[in-house]
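Asks:
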Amino acid sequence: MKNKKQNIKLRIPKQLHEKMLLDLNRTHPFAYERVGFLFTKTVKLSDGVTLIIAIDYIPVDDKDYIDDKEVGAKINSDAIRTAMQGTLEKDCGCFHVHLHDHSGKPLPSFTDSKSLPGIVNSFNNIATKHTNGFLILSRNAFYSSLKMESISVVGYPFILQYPGKGGIKDLMFDRQSFLGVNSQFLFENIKVGIVGYGGGGSHIGQQLAHIGVKNITIFDDDKIEITNLNRLIGGVFSDVKNAIFKIYIAKRVITRIFPKVNLTLIAKKWQLDPNELQKCDILFGGVDSYTERQQLESECRRFLMPLIDVGMDVYDTDGYSMSGQVILSMPGLPCMSCYGFLTEEKLAKEAAKYGNAGGRPQVVWPNGVLASTAVGVFVDLVTGWTRSNEGVYLSYDGNSGKIIDHVRKQFATEKCNHFRIENAGKPNYTKI
Ligand SMILES: [Zn+2]
Ligand SMILES: [Zn+2]
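Position 83 of the sequence shown, counting from 1, maps to 82 under numbering that gives the first Met the number 0, and the rest follow consecutively.
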């Protein structure tokens with residue numbers, strides 16, 4: 000297995016990352032450094048991609064440190080036994096973690112390289128199905144004993160580390176350098192998924208190409224029809240005549256803007272190729288129904304992917320009213336049910352009229368407003384340029400043209416109880 004080419008992606012929820020930093024920063028009566036254990040689920044995807052998802056963290060007890068002035072932190076066998084017990088109970092793997100308290104990329108010390116592989120080996124002997132290793136944290140970066148394609152802290156702002164990849168400079172993006180020196184590198188490496196290439200998704204795809212997002216996966220199983228021409232960006236009349244898949248319109252538009260792009264086009268529902276979805280670091284959802292949103296959100300929570308959902312509706316209530324929303328569903332933070340956007344009532348109503356819902360009214364300009372807003376949320380998430388963004392539930396009033404925080408946003412519970420971090424990486428969920 001060691002010699003096979005494999006791409007490992009490690010995802011750590013921000014809550015756990017903060018918990019680790021807080022714990023490892025505490026002083027100990029005699030040890031210079033602290034140690035902890037990060038529990039992880041391993042998920043094998045297609046094409047040799049392995050996802051490692053962090054689900055829990057335990058600190059080493061004060062009494063389990065051995066007084067040894069030669070090394071920063073020496074722990075006894077009780078500490079290791081407790082961690083092993085944890086891996087057995089949770090059926091997961093384990094990473095030994097400690098902190099080098101500086102910014103930038105940490106490197107293992109001589110004692111780290113000498114002593115830590117032995118501890119990892121003892122985990123390899125008991126948690127054989129899972130991936131074990133050691134991680135060294137700095138304040139904002141990681142060293143991993145396993146060669147990783149990416150290490151990410153999922154939250155705002157996203158921490159994205161691509162070990163072994165160097166930066167590039169492209170004049171095409173000269174006018175967006177205010178986003179930070181690293182922004183172009185991040186856009187080159189992050190993998191972004193778009194579910195649904197319709198009125199919303201087609202605006203999003205086009206804009207991602209302009210920004211320089213290089214790895215884009217698009218899911219849409221529809222062919223363009225005459226009724227789509229009023230809003231499908233890049234769709235032209237001859238496409239309708241030729242009945243081409245919408246993903247080919249995506250390909251034409253995106254590669255013309257940004258030829259370097261690395262597109263993965265899936266002419267299926269994402270449920271039929273979930274591995275391609277799970278490889279994405281972040282998702283845009285432009286789906287039509289509440290049920291589809293609920294399914295997509297569950298999947299995104301399970302694999303620690305932020306989901307930016309856009310949608311609009313036109314209601315006939317004593318004159319037409321147009322409304323829409325942009326919701327960021329961030330693992331660990333309020334979900335669409337917490338926000339009161341997805342409710343049992345709405346889902347039941349939708350299920351009841353399933354089949355005779357008919358074509359819903361859609362137009363190009365509100366889709367443009369909502370998609371642009373969603374892309375702005377994405378850029379901020381990746382670059383952190385506004386330095387303030389915890390939870391997004393924006394409400395669009397298409398009649399007045401206003402976008403404001405949704406009134407229900409303030410009432411959402413701080414923590415989501417529908418999807419728990421401990422349950423990430425596996426399919427069973429507690430639905431409240
Ligand atoms: Zn160290
Ligand atoms: Zn929730």
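In this text, a Cβ means the ideal position worked out from N, Cα and C, and glycines have one as well.
Sort out for me which residues DSSP pairs Met214 with in a bridge.
Replies: Note that residue 214 is Asn in the sequence shown, not Met. Asn214 is bridged to Lys190, Asn261.
Asks: Shortest alpha-carbon distance to Ile403 belongs to which of Gly331, Asn422, Gln324?
Replies: Of Gly331, Asn422, Gln324, the residue nearest in Cα terms is Gln324.
Asks: What number of angstroms, rounded off, separates the C-alpha of His97 from the C-alpha of Lys62?
Replies: Rounded to whole angstroms, His97 to Lys62 spans 17 angstroms at the Cα level.
Asks: In angstroms, rounded to a whole number, what distance separates the CA positions of Gly92 and Gln361?
Replies: Answer to the nearest angstrom: the Cα atoms are 47 angstroms apart.
Asks: In terms of DSSP beta bridges, what is Pro12 paired with?
Replies: Val153, per the DSSP bridge assignment.
Asks: Please tell me whether Leu380 and Pro273 are closer than 9 angstroms, where the distance is taken between their beta carbons.
Replies: No, Cβ-Cβ distance for Leu380 and Pro273 is not below 9 angstroms.
Asks: Starting from Gly323 and walking both ways along the alpha helix (DSSP H), at which residues does that stretch end?
Replies: Counting along the chain, Gly323 falls outside any alpha helix (DSSP H), though it belongs to the beta strand (DSSP E) covering 319-328.
Asks: Compute the beta-carbon to beta-carbon distance between Met432 and Arg292, rounded to the nearest angstrom, for a pair I have assumed lies under 8 angstroms.
Replies: Nothing about residue 432 can be reported from this structure: the residues present for the chain run from 0 to 431 only.
Asks: Starting from Pro58, follow its DSSP beta bridges and name the residues at the other end.
Replies: Gly35, per the DSSP bridge assignment.
Asks: Out of curiosity, what's the CA-to-CA distance linking Gln277 and Asp287?
Replies: Answer to the nearest angstrom: the Cα atoms are 21 angstroms apart.
Asks: Kindly examine ligand 2 and report whether one of its heavy atoms sits closer than 8 angstroms to the Cβ of Phe418.
Replies: Yes, Cβ of Phe418 sits closer than 8 angstroms to a heavy atom of ligand 2.
Asks: How many angstroms separate the CA atom of Val59 from the CA atom of Phe36?
Replies: Those two C-alpha atoms are separated by around 8 angstroms.
Asks: Comparing the CB of Ile65 with every heavy atom of ligand 1, is any distance shorter than 8 angstroms?
Replies: No, the beta carbon of Ile65 sits no closer than 8 angstroms to any heavy atom of ligand 1.
Asks: Should Lys13 be labelled buried (16 or more other beta-carbon atoms within 10 Å of its own) or exposed?
Replies: Classification for Lys13: buried.
Asks: Let me check one thing: in DSSP terms, what residues is His95 bridge-paired to?
Replies: Note: His95 sits in a beta bridge opposite Phe36, Phe133.
Asks: With a threshold of 8 angstroms, establish whether the CB of Cys334 neighbours any heavy atom of ligand 2.
Replies: Cys334 Cβ: within cutoff of ligand 2.
Asks: Would the beta-carbon of Cys415 be found less than 8 angstroms away from any heavy atom of ligand 2?
Replies: True, at least one ligand heavy atom lies under 8 angstroms from that Cβ.
Asks: For a test of your reading of the model: does the CB of Cys337 fall under 8 angstroms from any non-hydrogen atom of ligand 2? Yes or no.
Replies: Cys337 Cβ: within cutoff of ligand 2.
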